[in-house]
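Taken in order, these protein sequences are the chains called A and B. Taken in order, the first sequence gives residues 371 to 972; the numbers are from the numbering used here. Taken in order, the second sequence gives residues 23 to 212; the numbers are from the numbering used here. Positions of the beta carbon are idealized from the N, C-alpha and C atoms, including for glycine.
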Amino acid sequence: MEPLALINLAVFLGVLLLAAYPLGLFIARVADAQANPAGSILGRVESFLYRIAGVDPQEDMSWRKYAVSLLVFSLIGVLVVYAVQRLQLLLPLNPQGFGAVSADSSFNTALSFVTNTNWQGYGGESTMSYLTQMAALAVQNFFSAACGMAVAFALIRGFARRVLASDAAGKNGLGNLWVDVTRCTMYVLLPLSFVFAVVLVSQGVIQNFDEYQDVATLDAVTYETPKLDAAGAPLKDASGAPVMEKIVTKAQTLAMGPVASQEAIKMIGTNGGGFFNANSAHPFENPTPLTNFLQMLAIFLIPAALCFAFGRMVGDMRQGWAIVAAMSVIFVAFALLALWSEAHGNPGIAALGVDISGGNLEGKETRFGAIASALFATITTAASCGAVNAMHDSLMPLGGFATMLLIQLGEVVFGGVGSGFYGMLIFAVLAVFIAGLMIGRTPEYLGKKIQSFEMKMVSIAILATPMVVLVGTALAVMLDPGKAGISNPGAHGFSQVLYAVSSAANNNGSAFAGLSANTPFYNVLLGIAVWIGRFGVIVPVLAIAGSLANKQRSEATVGTMPTHGPLFVVLVIGSVLLVGALTYVPALALGPVVEHLQVFVK
Amino acid sequence: MKSILRPALVLFALLTLLTGFIYPLAVTGVAQVSFPQQAHGSLVMRDGKAVGSTLIGQAFSDPKYFWGRPSATAPMPNNGAASGGSNLAPSNPVLLDAVKARVEALRAADPGNTAAVPQDLVMTSASGLDPQISPAAAMYQAGRVARVRGLPVGEVQQLIARNTHGRTLGIFGEPRVNVLALNMALDQGK
Chain A
371 MEPLALINLA
381 VFLGVLLLAA
391 YPLGLFIARV
401 ADAQANPAGS
411 ILGRVESFLY
421 RIAGVDPQED
431 MSWRKYAVSL
441 LVFSLIGVLV
451 VYAVQRLQLL
461 LPLNPQGFGA
471 VSADSSFNTA
481 LSFVTNTNWQ
491 GYGGESTMSY
501 LTQMAALAVQ
511 NFFSAACGMA
521 VAFALIRGFA
531 RRVLASDAAG
541 KNGLGNLWVD
551 VTRCTMYVLL
561 PLSFVFAVVL
571 VSQGVIQNFD
581 EYQDVATLDA
591 VTYETPKLDA
601 AGAPLKDASG
611 APVMEKIVTK
621 AQTLAMGPVA
631 SQEAIKMIGT
641 NGGGFFNANS
651 AHPFENPTPL
661 TNFLQMLAIF
671 LIPAALCFAF
681 GRMVGDMRQG
691 WAIVAAMSVI
701 FVAFALLALW
711 SEAHGNPGIA
721 ALGVDISGGN
731 LEGKETRFGA
741 IASALFATIT
751 TAASCGAVNA
761 MHDSLMPLGG
771 FATMLLIQLG
781 EVVFGGVGSG
791 FYGMLIFAVL
801 AVFIAGLMIG
811 RTPEYLGKKI
821 QSFEMKMVSI
831 AILATPMVVL
841 VGTALAVMLD
851 PGKAGISNPG
861 AHGFSQVLYA
871 VSSAANNNGS
881 AFAGLSANTP
891 FYNVLLGIAV
901 WIGRFGVIVP
911 VLAIAGSLAN
921 KQRSEATVGT
931 MPTHGPLFVV
941 LVIGSVLLVG
951 ALTYVPALAL
961 GPVVEHLQVF
971 VK
Chain B
23 MKSILRPALV
33 LFALLTLLTG
43 FIYPLAVTGV
53 AQVSFPQQAH
63 GSLVMRDGKA
73 VGSTLIGQAF
83 SDPKYFWGRP
93 SATAPMPNNG
103 AASGGSNLAP
113 SNPVLLDAVK
123 ARVEALRAAD
133 PGNTAAVPQD
143 LVMTSASGLD
153 PQISPAAAMY
163 QAGRVARVRG
173 LPVGEVQQLI
183 ARNTHGRTLG
193 IFGEPRVNVL
203 ALNMALDQGK
């Protein structure tokens, strides 16, 4: 392994922890509804919002009310995002005159953005008006991230709340969803995004409402395109083949738009939905190695910070460090695999007299190269971000393996904003439970007894997504409309489908993008997958939180298993890898493993 | 239910106003004042006309110009209004055929050059709009460009060196040469 790759990885983790720790302490204050973390002026704006909305910020919601409120808020988002896409031609800020997005694509995109997935079956710069991007899609980038943080807060409160002997049973709630969403948006996501957006513009990310710009290029381009008749239908020759027309042009059209503002929250909210089709590979989204580093940092920033916020809120920072440690160990292992894999280019290409010493550069940008691309690919799939600065479909087989398995582990290695944290805590509860079985004691986590109700909900939260992935993939490779989308032959074609359903169900949103997924079949299948993958986890997590909030918090004794030492970290890592491996190894063997042998074994 | 619907609808509207309108407009305002050139696409002007963006690659096929990364955009390469990659898998024979054709085109344009072809000249970029190539890919083409333009090779190589950017802070990204800037420098020097 090149030392430069290891230096990049080490610098990334070091800067991440330095930035995430103080942010985590700040987020803990945001989660405390009594604190006024951003000064009294913003505090007054906050109170004003509650007054108009009829919110009683003192209300302590039961887990059911918290969950229903979250679902209602999300459903409103689905309806609005759907409607704006369908009506964009009638709305302002559409200089290119893009027409209504198809019903199935709008359905998919609405669900996908509301669930923090940002799976994209469409190409942004050729489909969406500026208004759709800015006021529908980017708004959900904020809301879905804020909702994820809210659920994380609720779960932490479940552990942190104490029950007094005088309390009525079931009295403790999980906090107030409206307060959590508002405060996360106003105090965390907006300020971070604003600063980041301005930094991005300084580096070359565009931010305007201009029409697309036509420029006169230096050299002429010659290309062939199907000739159209007067009605706009392609002409066919006697044998039925399309008649091609040769075009020579010295013009290039450059897509424009309010990119930086959307780019910032796209990364900070671990959303990943690009303004442009090429996402963070597009030079107008990610122009320099510096923006690339900051984008990688932005993906992991809040997920890492939430672990520290957890430590602060439960009154024991070591608990937060243990979760960060478990996430970091898994992340480093997968990053090393991806870095190693992409550093070794394609032997078939070398045989053609090509120098492949820079690694695998198909589908990669020159300014990033193999190292910054492999690192970005690992980060974006460890977190449920799904932004890409290189085309994952063209990763080497084991690079594709690493990214796909990271998604399939449930997006808990840092994971999405909020979702990564509560997902990992579910695995921590599972680890406590398994350890409890082994030593024959009632399992406890942070002093709260883990009993049958909690474990039922943990099972649902852990199993909902793999079920969707495996059943969905099986359906897609059996049915003709599913097979029709595959663009690469052999084992890799299967990988394209497996990656797509894994990405959707785990709310990642990246793709092996050769798959033609903007079809009614995939739009509906993946739309359903993103919804179950999001709320099939959130609802059981809130149920667990609601149950824990009303349990006595017992003090640690000599018989209590500590949940902050290396032993516990290993147990958590073990339960994540065990569940992931048992579920997905057979499918992965048919995809990337076979492809690796095809490429490397002669 | 009403106790949920009112806060949901009103907060949705208010926070949309904040994050979907006020926020992007505020960023636009700051960007237009502080970084107007970047905010509008880092356009490059020649004789008062926009000839491209420093950030967006153009297609070059004339042997007197340095060629950039191959582009998989449709219908024409380097389509600035429809970015995207080839999405060809390493195991896909179509990839090998495409690379082979590009290697042959490079060799045909410069028959005397027997060096191994730098892979960024024959592998498509992720965006289809990559504005840069590696210094090795520029050096590989220096002989051809010098011969066609009747320039000493050393002069062309110096021009490449002057247009080469190193890694950021010595560790981030890869060394690179902006193809449009290099070609414009060549045209000016003629």
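Check: Quick one: Cα of A/Lys826 to Cα of A/Phe771, how far?; Outcome: 31 Å
Check: Would a check of beta-carbon distances place B/Thr190 closer than 8 Å to chain A?; Outcome: yes
Check: May I ask you to report which of helix, strand or coil DSSP gives A/Glu594?; Outcome: strand
Check: Taking C-beta to C-beta, are A/Ala915 and A/Leu544 nearer than 8 Å?; Outcome: yes
Check: Taking the C-alpha atoms as reference points, what is the distance between B/Pro85 and A/Ala703?; Outcome: 46 Å
Check: Enumerate, from N- to C-terminal direction, the unbroken alpha helix (DSSP H) stretches of 4 or more residues contained entirely within the stretch 665-753 of chain A.; Outcome: 687-713, 717-720, 739-752
Check: Since A/Trp433 meets chain B, which of its residues come closer than 7 Å, beta carbon to beta carbon?; Outcome: By Cβ distance, chain B contributes nothing, its closest Cβ being about 14 Å from A/Trp433, past 7 Å.
Check: Would A/Ala625 and A/Tyr582 be called neighbours here (beta carbons separated by less than 8 Å)?; Outcome: yes
Check: For a test of the three-state rule: what should DSSP assign to A/Tyr815, helix, strand or coil?; Outcome: strand
Check: Quick check: B/Val49 and A/Val568, are their CB atoms within less than 8 Å of each other?; Outcome: yes
Check: For B/Val55, is the classification buried or exposed, using 16 other Cβ atoms within 10 angstroms of its Cβ as the cut-off for buried?; Outcome: exposed
Check: For A/Ile672, which residues in chain B fall below 7 Å Cβ to Cβ?; Outcome: Here the premise fails: no neighbours, minimum Cβ distance about 16 Å.
Check: Closer than 7 Å between beta carbons: that is the criterion. Which residues of the stretch 123-145 of chain B meet it against chain A?; Outcome: Val125, Ala138, Val139, Pro140, Gln141, Asp142, Val144, Met145
Check: For the structure I just gave you, are there three or more beta carbon pairs, one from the stretch 390-408 of chain A and one from the stretch 673-680 of chain A, closer than 8 Å?; Outcome: yes
Check: Taking 8 Å as the threshold (beta carbon to beta carbon), is A/His862 in contact with chain B?; Outcome: yes
Check: For B/Glu11, is the classification buried or exposed, using 16 other Cβ atoms within 10 angstroms of its Cβ as the cut-off for buried?; Outcome: The question about residue 11 of chain B has no answer here: the residues shown for chain B are numbered 23 through 212.
Check: Applying a beta-carbon distance threshold of less than 7 Å, which residues of chain B neighbour A/Arg737?; Outcome: Gln154, Gly195, Glu196, Arg198
Check: Just checking, does the stretch 28-36 of chain B make contact with the stretch 415-434 of chain A on the three C-beta pairs under 8 Å criterion?; Outcome: yes
Check: Would you give the residue range spanned by the alpha helix (DSSP H) that B/Gln59 belongs to?; Outcome: 58-61
Check: When the cut-off is 8 Å and only beta carbons count, does B/Ala48 lie next to chain A?; Outcome: yes
Check: Please name the residue, chosen from A/Pro956, A/Leu376, A/Arg904, A/Gln455, that lies closest to A/Ser514 on a Cα-to-Cα basis.; Outcome: A/Arg904
Check: List the residues that DSSP assigns as beta-bridge partners of A/Ile617.; Outcome: A/Tyr593
Check: Alpha carbon to alpha carbon, how far is B/Ile44 from A/Ile898?; Outcome: 32 Å
Check: If we cut at 8 Å on Cβ distances, does A/Thr750 have a partner in chain B?; Outcome: no
Check: Just reading off the beta strand (DSSP E) that A/Leu779 is part of, what are its end residues?; Outcome: That residue, A/Leu779, is in no beta strand (DSSP E); it is neither H nor E in DSSP.
Check: Looking only at C-alpha atoms, which of A/His966, A/Ala608, A/Thr927, A/Ser945 sits nearest to A/Leu800?; Outcome: A/Ser945
Check: Return no unless some Cβ of chain A is closer than 8 Å to the Cβ of B/Thr38.; Outcome: yes
Check: What is the DSSP secondary structure of B/Ala72, reduced to helix, strand or coil?; Outcome: strand
Check: In or out: B/Arg124 buried (at least 16 other Cβ within 10 Å) or exposed?; Outcome: buried
Check: Can you name the residues of chain B whose CB is closer than 7 Å to the CB of A/Gly574?; Outcome: Gln60, Ser64, Leu77
Check: From the DSSP output, read off the bridge partner residues of A/Lys606.; Outcome: A/Pro612
Check: How is A/Arg553 classed by DSSP in three states: helix, strand or coil?; Outcome: helix
Check: For B/Ala160 and chain A, any beta-carbon pair shorter than 8 Å?; Outcome: no
Check: Pick helix, strand or coil for B/Asn205, following the three-state DSSP scheme.; Outcome: helix
Check: Just the C-alpha distance for B/Ser83 and B/Val175, rounded to the nearest angstrom, thanks.; Outcome: 20 Å
Check: Within the 8 Å Cβ cut-off, does A/Phe477 reach chain B?; Outcome: no
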